[in-house]
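Asker: Below is a structure I'd like to ask you about.
In my numbering, the protein residues as written are 36 to 654.
What follows is the structure, encoded as structure tokens:
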């Protein structure tokens, strides 16, 4: 394998690493091997702690570790990577016997959990009086929504309080007195308060004003660097004859005052499409009079030379999306009121938590963060974890939010260079899809370049793909290298594509096939899908294979399901149709309507036709 050296190096338990591992590269197996290697040299199993972001991920890693330990009673496998895991498991059981761990009998000593699970343990271990009570986590969505809704309703009731009447009334007026919208927005914000509450407590409106200016300056700085050698003297000489934009004599800089100049350059050079492109023609609407034919041609030639520079095009188009640097008085006033209302809603939510003795995962994370905060004193919780935890492994690091990153940083804030403690991070920034939850690719890139707290990490890259055939991997390399940015950019959360290498040389010429359709040809597309499925299941060599149909949204399945049902093709579809459309739900609704209104003829006919009665239409 081309990356075997990196895989071997990752098992050096004296060093800290950050591993970029694309899909199918065996990252879970590698993390399992390092976990076993650490167990084989530590004093107690609790010295090693592994974390990931989902319960499913936790279950998979625990299952791998226990399976490896249990496999030692069987014959040593022949595959090299399985031999490595087998040998490490043997070493762990030997260590377990030496130290009296009884690891197979006490698997709870294997410390693998989610970040939320770690937060719960930290909170429970905190000696503060208010945190000694047994916590009940609101695990169900409806429980959390109930709490957020209650907080929103209580916040609105505070309009009767003279101290808060003005703030709440102002927000309601801004929402056209739409109370349901008020509730909806408050509950939505409370469900992700970990992404904004810390910022509101650091300066309120001044922070918002300054942050918008920082965003503008940061973006203009990037754009200026990228444009420096593109928009040359010839560009501005041609611009000088332009009626609309001739006032721009030289390349603007990254000052707030130059924002409008950058916007005008973007308006001139780019189309107004949803995804702007370089203009292919210019005319008097763009400031070029018809008498300047030769100059217009030269200008278009310059834009053509930018054609392959997607990064410049994106940066320039995003200028038009930048916020105004100065808030109007009305905007400032409403923002101040919104901030106050949000703070009130958090207070009401915390009162609900205290009264009901329940908490959501965000609140538990807040408490864990406070328990680890050593700005004013070194807490017993920090000392406990610094003494007990020597090695930390983190999976799926690309899904880390800034708040979770803060928790991890505080957990290892006391670690020093050469103290024998290690941090092992695995992830794939190309698979980061949880931006809506606050995860940021830049955290992976920053950690790779700068480390975490005092811990510097050596970057490793895996490239071998064990999951797919050579044809699929080659196709993906071709497609995604065009889709991803050419250069990574921390400030814009941009990551370039890392090509994979196939472990197997087996090729399949029909591994990837495109069936293009015009926009919104849903029925035609569904017919084509059903034909492909029909041909597949008729093939004797493929009859025992499974077929998966993936769509972007549930509604896209509607026509496909209709076609499959029309051809009597059996399929399994989980949670693809609303509950109200299920036949059982319709029968229950008919029964309810019939009982509530004895004269509802249609409802009674439906009841008589339902499975519990089963009368035929003739009856």
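Using N, Cα and C, we set each Cβ at its ideal position, and we do this for glycine too.
Are the beta-carbon atoms belonging to residue 126 and residue 75 less than 8 Å from one another?
Answerer: Indexing the chain shown from 1 puts residue 126 at position 91. Indexing the chain shown from 1 puts residue 75 at position 40. Yes. Within cutoff.
Asker: Would you say residue 34 and residue 557 are within 8 Å of each other, going by their C-beta atoms?
Answerer: Residue 34 lies beyond the residue range present for the chain, which begins at 36 and ends at 654; the question has no answer from this structure.
Asker: Measuring straight from C-alpha to C-alpha, what distance separates residue 309 and residue 351?
Answerer: Here residue 309 is taken as the residue at index 274 of the chain shown, counted from 1. Here residue 351 is taken as the residue at index 316 of the chain shown, counted from 1. When rounded, the distance between both Cα atoms is 14 Å.
Asker: Have a look at residue 109 and residue 119 and give me their C-alpha separation to the nearest angstrom.
Answerer: Residue 109 sits at position 74 when you count from the first residue of the chain shown. Residue 119 sits at position 84 when you count from the first residue of the chain shown. Their backbone Cα atoms lie some 15 Å apart in a straight line.
Asker: Among 221, 468 and 447, which one has its Cα closest to the Cα of residue 459?
Answerer: On the chain shown, position 424 is the one that residue 459 refers to. That would be 447, whose Cα lies nearest to the Cα of residue 459.
Asker: Just to confirm before moving on: does the CB-CB distance between residue 32 and residue 299 stay below 8 Å?
Answerer: With the chain covering only 36 through 654, there is no way to say anything about residue 32.
Asker: Restricting to runs no shorter than 3 residues, where is the beta strand (DSSP E) found entirely within the segment 475 to 518?
Answerer: Here the runs fully enclosed are 493 to 496.
Asker: Just to confirm, is the Cβ distance from residue 28 to residue 217 under 8 Å?
Answerer: Past the boundaries of the shown model lies residue 28; the chain is included only from 36 to 654, so the question cannot be answered.
Asker: For residue 277, is the classification buried or exposed, using 16 other Cβ atoms within 10 angstroms of its Cβ as the cut-off for buried?
Answerer: In the chain shown, the residue the question calls residue 277 occupies position 242. Result: buried.
Asker: For a minimum of 4 consecutive residues, which ranges assigned as the alpha helix (DSSP H) are wholly contained in the segment 245 to 308?
Answerer: Fully enclosed alpha helix (DSSP H) runs of 4 or longer: 268 to 274 and 294 to 304.
Asker: Is residue 651 near residue 395, with beta carbons less than 8 Å apart?
Answerer: Here the question's residue 651 lines up with position 616 in the chain shown. Here the question's residue 395 lines up with position 360 in the chain shown. Taking 8 Å as the Cβ cut-off, residue 651 and residue 395 do not qualify as a contacting pair.
Asker: Relative to the C-alpha of residue 582, which residue among 599, 590 and 591 is closest?
Answerer: One-based indexing of the chain shown puts residue 582 at position 547. Among 599, 590 and 591, the Cα nearest to that of residue 582 belongs to 599.
Asker: CB-CB under 6 Å to residue 516, same chain, minus the five flanking residues each way: which ones, in chain order?
Answerer: By one-based count along the chain shown, residue 516 stands at place 481. Counting only Cβ-Cβ distances below 6 Å, and skipping sequence neighbours, we find 532.
Asker: Residues in its own chain within less than 6 Å of residue 508 by CB, not counting five upstream and five downstream?
Answerer: Working through the chain shown from its first residue, we reach residue 508 at position 473. Excluding residues within five positions, the ones whose Cβ falls inside 6 Å are 500, 535 and 537.
Asker: Going by DSSP in three states, residue 419 sits in which element: helix, strand or coil?
Answerer: Within the chain shown, numbered from 1, the residue matching residue 419 stands at position 384. Residue state, collapsed to three classes: helix.
Asker: Starting from residue 206, trace the alpha helix (DSSP H) both ways and give me its first and last residue.
Answerer: Sequence index remark: in the chain shown, residue 206 carries index 171 (1-based). Unbroken alpha helix (DSSP H) run through residue 206: 200 to 209.
Asker: If I'm right that residue 142 touches residue 250 with Cβ under 8 Å, what's the distance once you round it to whole angstroms?
Answerer: Numbered from its first residue, the chain shown carries residue 142 at position 107. Numbered from its first residue, the chain shown carries residue 250 at position 215. Incorrect: roughly 48 Å between the Cβ atoms, too far for contact.
Asker: Evaluate residue 105 with the Cβ neighbour count: other Cβ atoms within 10 Å of its Cβ, from every protein chain shown; 16 or more gives buried, anything less gives exposed.
Answerer: By one-based count along the chain shown, residue 105 stands at place 70. Looking at its Cβ environment, which holds fewer than 16 other Cβ atoms inside 10 Å, residue 105 is exposed.
Asker: In terms of residues, what are the limits of the beta strand (DSSP E) holding residue 332?
Answerer: By one-based count along the chain shown, residue 332 stands at place 297. Careful: residue 332 lies outside any beta strand (DSSP E), inside the alpha helix (DSSP H) at 328 to 340.
Asker: Out of 542, 463 and 505, which one is the CA nearest neighbour of residue 62?
Answerer: In the chain shown, the residue the question calls residue 62 occupies position 27. Nearest C-alpha to residue 62: 463.
Asker: Should residue 69 go down as buried or exposed, given a rule of 16 or more other Cβ atoms within 10 Å for buried?
Answerer: By one-based count along the chain shown, residue 69 stands at place 34. Looking at its Cβ environment, which holds 16 or more other Cβ atoms inside 10 Å, residue 69 is buried.
Asker: Under three-state DSSP, which class holds residue 63?
Answerer: Residue numbering aside, residue 63 sits at position 28 when the chain shown is read from its first letter. Looking at residue 63 - three-state DSSP - the assignment turns out to be helix.
Asker: Alpha carbons only, please: which of 628, 407 and 384 is nearest the one belonging to residue 668?
Answerer: No answer is possible for residue 668: the residues shown for the chain start at 36 and end at 654.
Asker: If residue 149 and residue 67 are in contact, beta carbons under 8 Å, what's the gap, nearest whole angstrom?
Answerer: If you number the chain shown from 1, residue 149 lands on position 114. If you number the chain shown from 1, residue 67 lands on position 32. Contact doesn't hold; Cβ gap of about 17 Å is too wide.
Asker: Which class does residue 611 belong to by DSSP, given the choice of helix, strand or coil?
Answerer: Counted from its first residue, the chain shown places residue 611 at position 576. Residue 611: coil per DSSP, three-state reduction.
Asker: Based on Cα-Cα distance, which residue from 306, 626, 130 and 64 lies nearest to residue 96?
Answerer: For this step, residue 96 is matched to residue 61 along the chain shown. Of the candidates 306, 626, 130 and 64, the one whose C-alpha sits nearest the C-alpha of residue 96 is 64.
Asker: Which residue comes first and which comes last in the alpha helix (DSSP H) that contains residue 465?
Answerer: Reading the chain shown from its first residue, position 430 is the one you call residue 465. Residue 465 -> no alpha helix (DSSP H), and no H or E assigned at all.
Asker: Mind reading off the beta-carbon distance from residue 430 to residue 92? Whole number of angstroms is fine, and I expect it under 8 Å.
Answerer: For the purposes of this step, residue 430 is taken as residue 395 along the chain shown, with counting starting at 1. For the purposes of this step, residue 92 is taken as residue 57 along the chain shown, with counting starting at 1. Rounded, the Cβ-Cβ distance is 6 Å, consistent with contact.
Asker: Since residue 146 sits in a beta bridge, which residues does DSSP pair it with?
Answerer: Reading the chain shown from its first residue, position 111 is the one you call residue 146. Partner(s): 84.
Asker: Assuming residue 313 contacts residue 265 (C-beta within less than 8 Å), just tell me the rounded distance between them.
Answerer: As a first step, residue 313 must be located in the chain shown, where it is residue number 278. As a first step, residue 265 must be located in the chain shown, where it is residue number 230. 11 Å between Cβ atoms; not a contact.
Asker: With a CB to CB cut of under 7 Å and the five nearest residues on each side skipped, what residues in its chain are close to residue 331?
Answerer: Along the chain shown, one-based indexing puts residue 331 at 296. Excluding residues within five positions, the ones whose Cβ falls inside 7 Å are 317 and 323.
Asker: What does the Cβ neighbour count give for residue 575, buried or exposed, with the cut at 16 atoms within 10 Å?
Answerer: On the chain shown, position 540 is the one that residue 575 refers to. Per the 10 Å Cβ criterion, exposed.
Asker: Quick check: the Cα distance between residue 121 and residue 498, rounded to an integer number of angstroms?
Answerer: Against the chain shown, residue 121 aligns to sequence position 86. Against the chain shown, residue 498 aligns to sequence position 463. Using only the alpha carbons, I get a separation of about 23 Å.
Asker: Just to confirm the assignment, what range does the beta strand (DSSP E) spanning residue 572 have?
Answerer: Here the question's residue 572 lines up with position 537 in the chain shown. Looking at the DSSP string, residue 572 is not in any beta strand (DSSP E); the run it does join, the alpha helix (DSSP H), is 557 to 573.
Asker: Bridge partners of residue 53, per DSSP?
Answerer: Position 18 of the chain shown, counting from 1, holds the residue named residue 53. Its beta-bridge partners are 460 and 494.
Asker: Using 8 Å as the Cβ pair cut-off and three pairs as the minimum, do the segment 547 to 564 and the segment 481 to 496 touch?
Answerer: Not touching, per the Cβ criterion.
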